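Asker: For reference, the structure I am asking about is given below.
What follows is the structure, given as structure tokens:
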């Protein structure tokens, strides 16, 4: 079973609307959680990085939340734009360093006009 | 800075052939990572280097895969012999550190198809 589960797998939303993506993890011990945006045919781009003590972090219209007690994170997209169409990947780091990373399979978001 | 540079961008080869993927990290970054991405498995970390030294290669699938970093500005990932199941997008990424707060910067990827 994957240690990082993302939902919904895919989502279609109207331009201008908000949406929320979910990431549940079982990774332990927890170090940090990252959200990446990956456009089709491109490499992932980091949106946010949160450690255990952080509950929320924003990057423009993207706001990530973290509940380390329930091991849940969400990524909220406000006032979606066509350029938000992408895959959003949740990555959880267990312990120090990058050698213990657990990757979600991504939320595929399509924004339509 | 041009970002992480990978070459080639696309590679089509026949089963059994040797494949070499190349990466130039961002100047000044001490860490370099190789990832593989497929629809079925998502992103997987294959190996990472710190100051040109391989730190963890536990993600390398088997002996057919090898990676080198002869200097701070160049790394290769080699598959010999290649198999159809190696078909994937291979990403290289670099970062200035791994304390948990540093961002990893990904290259555009090499899309590999093994026939």
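Residue numbers (the working numbering), protein chains in the order written: chain Y, 1 to 113; chain A, 114 to 228.
Glycine included, C-beta positions come from ideal geometry on N, C-alpha and C.
Predicted model only: the values in this text are computed from it and were never measured.
Identify the contact partners of residue 222 (chain A) in chain Y, using a Cβ-Cβ distance below 9 Å as the criterion.
Answerer: Neighbours of residue 222 (chain A) on chain Y, chain order: 41, 42, 43.
Asker: Just to confirm, are residue 158 (chain A) and residue 33 (chain Y) a CB contact at a threshold of 7 Å?
Answerer: Contact flag unset, no.
Asker: If we call anything under 7 Å between Cβ atoms a contact, is residue 23 (chain Y) one with residue 104 (chain Y)?
Answerer: In this structure, residue 104 (chain Y) lies closer than 7 Å to residue 23 (chain Y) by Cβ.
Asker: Going along chain Y, which residues have a C-beta under 8 Å from residue 157 (chain A)?
Answerer: Ordered by position in chain Y, the residues that pass the 8 Å Cβ test against residue 157 (chain A) are 103.
Asker: Within 7 Å (strictly less), CB to CB, does residue 151 (chain A) reach chain Y?
Answerer: Closer than 7 Å: no.
Asker: Is the beta carbon of residue 107 (chain Y) less than 7 Å from the beta carbon of residue 21 (chain Y)?
Answerer: Yes; because the gap between Cβ atoms is below 7 Å, this pair is in contact.
Asker: If I follow the unbroken beta strand (DSSP E) through residue 110 (chain Y), where does it start and stop?
Answerer: Where residue 110 (chain Y) is concerned, the enclosing beta strand (DSSP E) stretches over 107-112.
Asker: Taking the runs of the beta strand (DSSP E) that are 3 residues or longer, which of them lie wholly in the region 129-190 of chain A?
Answerer: Here the runs fully enclosed are 132-137, 144-151, 155-163, 166-169, 178-184.
Asker: State the DSSP-derived secondary structure class of residue 87 (chain Y), mapped to helix, strand or coil.
Answerer: Correct three-state label for residue 87 (chain Y): strand.
Asker: To the nearest angstrom, report how far apart residue 134 (chain A) and residue 180 (chain A) are at their CA atoms.
Answerer: About 9 Å.
Asker: Does the beta carbon of residue 58 (chain Y) sit closer than 7 Å to a beta carbon anywhere in chain A?
Answerer: So no, residue 58 (chain Y) is outside the interface.
Asker: Can you pull the DSSP bridge partners for residue 37 (chain Y)?
Answerer: The partner list for residue 37 (chain Y) (beta bridge, DSSP) reads Y:45, Y:88.
Asker: Is residue 198 (chain A) helix, strand or coil when you go by DSSP?
Answerer: It is helical.
Asker: Does the pairing of the region 62-72 of chain Y with the region 170-189 of chain A give three or more beta-carbon distances under 8 Å?
Answerer: No: fewer than three Cβ pairs fall under 8 Å.
Asker: Which word fits residue 226 (chain A), buried or exposed, when buried means at least 16 other C-beta atoms lie within 10 angstroms of its C-beta?
Answerer: Burial call: exposed.
Asker: Out of A:148, A:215, A:168, point me to the one whose CA is closest to residue 142 (chain A)'s CA.
Answerer: For residue 142 (chain A), the nearest C-alpha among the options comes from A:215.
Asker: Which partner residues does residue 207 (chain A) have in the DSSP bridge list?
Answerer: A:145, A:218, per the DSSP bridge assignment.
Asker: From residue 92 (chain Y) to residue 125 (chain A), what does the alpha carbon distance come to, in whole angstroms?
Answerer: One C-alpha to the other measures close to 33 Å.
Asker: Between which residues of its own chain and residue 63 (chain Y) is the CB-CB distance below 6 Å, once the five residues before and five after are set aside?
Answerer: Only 76 meet the Cβ criterion.
Asker: Taking the alpha-carbon positions, what's the residue 110 (chain Y) to residue 38 (chain Y) distance?
Answerer: Those two C-alpha atoms are separated by around 12 Å.
Asker: Residue 207 (chain A) and residue 139 (chain A) look like a contact to me (Cβ under 8 Å); what is the Cβ gap, rounded to whole Å?
Answerer: With 8 Å as the limit, residue 207 (chain A) and residue 139 (chain A) qualify as a contact, their Cβ atoms being about 5 Å apart.
Asker: For residue 54 (chain Y), I'd like the list of residues in its chain whose CB is within less than 8 Å of its CB, leaving aside the five on either flank, ordered along the chain.
Answerer: If we look at residue 54 (chain Y) and ignore the five residues flanking it on each side, its Cβ neighbours are 66.
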